[in-house]
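**Student:** So that we are looking at the same thing, I have put the structure below in structure tokens.
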Amino acid sequence: MLELEIITEKVRELAVKTGAFLREERISFDRERVEEKNSHDYVSYVDKESERRIVTSLSELLPEAGFIAEEGSGSHGDEEYCWVVDPLDGTTNYIHNNAPYCVSIALRNKKELLVGVVYEVCRDECYWAWKGSKAYLNGQEIHVSNVNNMDTAFIALGFPYNYKEYKSMALYLVQELYGTVGGLRLEGAAAAEICYIAAGRFEARIETNLGPWDIAAGSLILMQAGGKVTDFEGGDTFYSGHQVLATNGKLHDQLVEIVRKGK
Numbered sequence: 058m059l060e061l062e063i064i065t066e067k068v069r070e071l072a073v074k075t076g077a078f079l080r081e082e083r084i085s086f087d088r089e090r091v092e093e094k095n096s097h098d099y100v101s102y103v104d105k106e107s108e109r110r111i112v113t114s115l116s117e118l119l120p121e122a123g124f125i126a127e128e129g130s131g132s133h134g135d136e137e138y139c140w141v142v143d144p145l146d147g148t149t150n151y152i153h154n155n156a157p158y159c160v161s162i163a164l165r166n167k168k169e170l171l172v173g174v175v176y177e178v179c180r181d182e183c184y185w186a187w188k189g190s191k192a193y194l195n196g197q198e199i200h201v202s203n204v205n206n207m208d209t210a211f212i213a214l215g216f217p218y219n220y221k222e223y224k225s226m227a228l229y230l231v232q233e234l235y236g237t238v239g240g241l242r243l244e245g246a247a248a249a250e251i252c253y254i255a256a257g258r259f260e261a262r263i264e265t266n267l268g269p270w271d272i273a274a275g276s277l278i279l280m281q282a283g284g285k286v287t288d289f290e291g292g293d294t295f296y297s298g299h300q301v302l303a304t305n306g307k308l309h310d311q312l313v314e315i316v317r318k319g320k
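Next up, the structure:
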């Protein structure tokens, strides 16, 4: 049986170390070495090197585990355990020297998430949780907010790169929420923003067409902080990242009704 607390501690150390590498590289970052994976979807040499370092270290920590990593390092077959890794969530922010951006590392088995660690580099904030634990930010226990009124809800939206598929939904959400909630924001880093819900800074975040690496670690942290994560129908297919509604739990049913209508 895995010692989840010990594994979490090791992953925290790795995430913070990787974050230090990202911070140092940002000082002399070369935008000429940025590649476009898809339209407006970028990857840099920093993403790739960050992922290489993470995969190498995690392979030593748990050799039997597979990998689902954004830039394709490692592999995932029929292993009992699997690391889900985003070496740099918020790449576009990073390229433009804009906050936030972070390192996101999760461990799951075939049924559920077991460990989640997100290190938000710009604020020097490390969030973590493991199955059955509390949720923590830099060693302090965190909880979702008690906001249960849409009029005061602070909500983050995400606009994915494949805008042709999502544009109508994005416009619908702005039309539906702007002026009826306490505030809307576009931060550009799903893993960090889901953790912000866990810490009570946001009440919700809504986006589609993400990858599992974008949301795995943050989702576990949020759920352990008392929040809720589902797809747009209120189901559990959010693990794929295709539809992700993350909330403080108090506003979840109301937001499910709203996003359903926009599909």
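Residue numbers in the sequence shown follow our numbering, run continuously in steps of one, and reach 320 at the last position.
Just so you know, even glycine gets a beta-carbon here, dropped at the ideal spot from N, CA and C.
Predicted, not measured: the structure shown is a model, and the values here were computed from it.
Would you call Ser132 buried or exposed, if buried means 16 or more other Cβ atoms sit within 10 Å of its Cβ?
**Tutor:** For the purposes of this step, residue 132 is taken as residue 75 along the sequence shown, with counting starting at 1. Exposed, because fewer than 16 other Cβ atoms sit within 10 Å of the Cβ of Ser132.
**Student:** What do you get for Phe126, buried or exposed, if any count of 16 or more other CB atoms within 10 angstroms of its CB means buried?
**Tutor:** Reading the sequence shown from its first residue, position 69 is the one you call residue 126. Here residue 126 is Ala; the residue named in the question, Phe, does not match the sequence. Looking at its Cβ environment, which holds 16 or more other Cβ atoms inside 10 Å, Ala126 is buried.
**Student:** Val201 by DSSP, collapsed to three states: which one?
**Tutor:** On the sequence shown, position 144 is the one that residue 201 refers to. Coil at Val201, not helix or strand.
**Student:** Would you decide whether Ala77 is buried or exposed? Buried here means 16 or more other CB atoms lie within 10 Å of its CB.
**Tutor:** Taking the sequence shown and counting its residues from 1, one reaches residue 77 at position 20. Burial call: exposed.
**Student:** Can you grab the Cα-Cα spacing for the pair Ile162 / Trp270, in whole Å?
**Tutor:** Translated into the one-based positions of the sequence shown, residue 162 becomes position 105. Translated into the one-based positions of the sequence shown, residue 270 becomes position 213. Approximately 8 Å between the Cα atoms of the pair.
**Student:** Buried or exposed: Arg90, going by 16 or more other Cβ atoms within 10 Å of its Cβ?
**Tutor:** As a working note, residue 90 is residue 33 in the sequence shown. Label assigned to Arg90: exposed.
**Student:** Let me confirm a value: Arg262 is counted as buried when at least 16 other C-beta atoms fall within 10 Å, else exposed. Which label applies?
**Tutor:** Within the sequence shown, the letter at position 205 stands for residue 262. When all chains shown are included, Arg262 counts as buried.
**Student:** What does DSSP give as the partner residue(s) for Arg90 in the beta ladder?
**Tutor:** Residue 90 sits at position 33 when you count from the first residue of the sequence shown. The partner list for Arg90 (beta bridge, DSSP) is empty, contrary to what the question assumes.
**Student:** With DSSP run on the structure shown, which of helix, strand or coil describes Glu177?
**Tutor:** The residue given as residue 177 occupies position 120 in the sequence shown. Three-state DSSP puts Glu177 in a strand.
**Student:** Thinking just about the alpha-carbon of each residue, which of Glu264, Glu136, Arg242 is nearest to the one in Ser297?
**Tutor:** The residue you call residue 297 lines up with position 240 of the sequence shown. It is Glu264 whose Cα lies nearest to the Cα of Ser297.
**Student:** Out of Cys139, Lys285, Ala246, Pro217, which has the shortest C-alpha to C-alpha gap to Gly147?
**Tutor:** If you number the sequence shown from 1, residue 147 lands on position 90. For Gly147, the nearest C-alpha among the options comes from Ala246.
**Student:** Tell me the DSSP secondary structure of Tyr158 in three-state form.
**Tutor:** By 1-based counting over the sequence shown, the position of residue 158 is 101. Three-state DSSP puts Tyr158 in coil, outside helix and strand.
**Student:** Verify whether the separation of the beta carbon atoms of Lys167 and Leu118 is less than 7 Å.
**Tutor:** Numbered from its first residue, the sequence shown carries residue 167 at position 110. Numbered from its first residue, the sequence shown carries residue 118 at position 61. Their beta carbons are not under 7 Å apart, which means Lys167 does not touch Leu118 by this criterion.
**Student:** Please report how far the alpha carbon of Leu164 lies from the alpha carbon of Asp143, in whole angstroms.
**Tutor:** Here the question's residue 164 lines up with position 107 in the sequence shown. Here the question's residue 143 lines up with position 86 in the sequence shown. The straight-line gap from Cα to Cα measures roughly 12 Å.
**Student:** Given Val73, which residues of its chain have a CB within under 7 Å of its CB, disregarding the five upstream and five downstream residues?
**Tutor:** For the purposes of this step, residue 73 is taken as the residue at position 16 of the sequence shown. Excluding sequence neighbours, Val73 sits near Tyr176, Cys183.
**Student:** Would you call the CB atoms of Asn305 and Gly292 closer than 7 Å?
**Tutor:** Locating residue 305 in the sequence shown gives position 248, counting from the first residue. Locating residue 292 in the sequence shown gives position 235, counting from the first residue. Cβ distance not < 7 Å, so Asn305 and Gly292 don't count as in contact.
**Student:** Indicate whether Gln300 and Ser190 have their beta-carbon atoms separated by less than 7 Å.
**Tutor:** Taking the sequence shown and counting its residues from 1, the one referred to as residue 300 is at position 243. Taking the sequence shown and counting its residues from 1, the one referred to as residue 190 is at position 133. No, these two residues do not count as a Cβ contact at 7 Å.
**Student:** For Gln300, which residues does DSSP report across the bridge?
**Tutor:** Against the sequence shown, residue 300 aligns to sequence position 243. Gln300 pairs with Thr265.
**Student:** Rounding to the nearest angstrom, what Cα-Cα distance links Gln232 and Thr113 in this structure?
**Tutor:** For this step, residue 232 is matched to residue 175 along the sequence shown. For this step, residue 113 is matched to residue 56 along the sequence shown. Roughly 45 Å between the two C-alpha positions.
**Student:** Please classify Thr209 as buried or exposed, where buried requires at least 16 other C-beta atoms within 10 Å of its C-beta.
**Tutor:** Here residue 209 refers to the residue found at position 152 when the sequence shown is read from its first residue. Classification of Thr209: exposed, given that the 10 Å Cβ count is below 16.
**Student:** Taking the straight line between their C-alpha atoms, what separation do you get for Phe124 and Cys139?
**Tutor:** Position 67 of the sequence shown, counted from the first residue, corresponds to residue 124. Position 82 of the sequence shown, counted from the first residue, corresponds to residue 139. Taking the straight line joining both Cα atoms gives about 5 Å.
**Student:** From the DSSP output, in three-state form, read off Thr237 for me.
**Tutor:** Indexing the sequence shown from 1 puts residue 237 at position 180. Coil, per DSSP.
**Student:** Note down, in chain order, each residue of its chain lying with its Cβ closer than 7 Å to the Cβ of Thr65, except the 5 sequence neighbours on either side.
**Tutor:** On the sequence shown, residue 65 is found 8 positions in, with the first residue counted as 1. So the list reads Val172, Val174, Trp185, Trp187, once near-sequence residues are dropped.
**Student:** From which residue to which residue does the alpha helix (DSSP H) around Phe1 run?
**Tutor:** This structure does not reach residue 1, given that the chain is present from 58 up to 320, and the question cannot be answered.
**Student:** Among residues of its own chain, excluding the 5 on either side of Thr294, which ones have a beta-carbon nearer than 8 Å to its beta-carbon?
**Tutor:** Within the sequence shown, the letter at position 237 stands for residue 294. Asp288, Gln300.
**Student:** Quick check: what's the CA-CA separation for Ser85 versus Leu228?
**Tutor:** Within the sequence shown, residue 85 is the residue found at index 28, counting from 1. Within the sequence shown, residue 228 is the residue found at index 171, counting from 1. C-alpha separation (whole angstroms): 37 Å.
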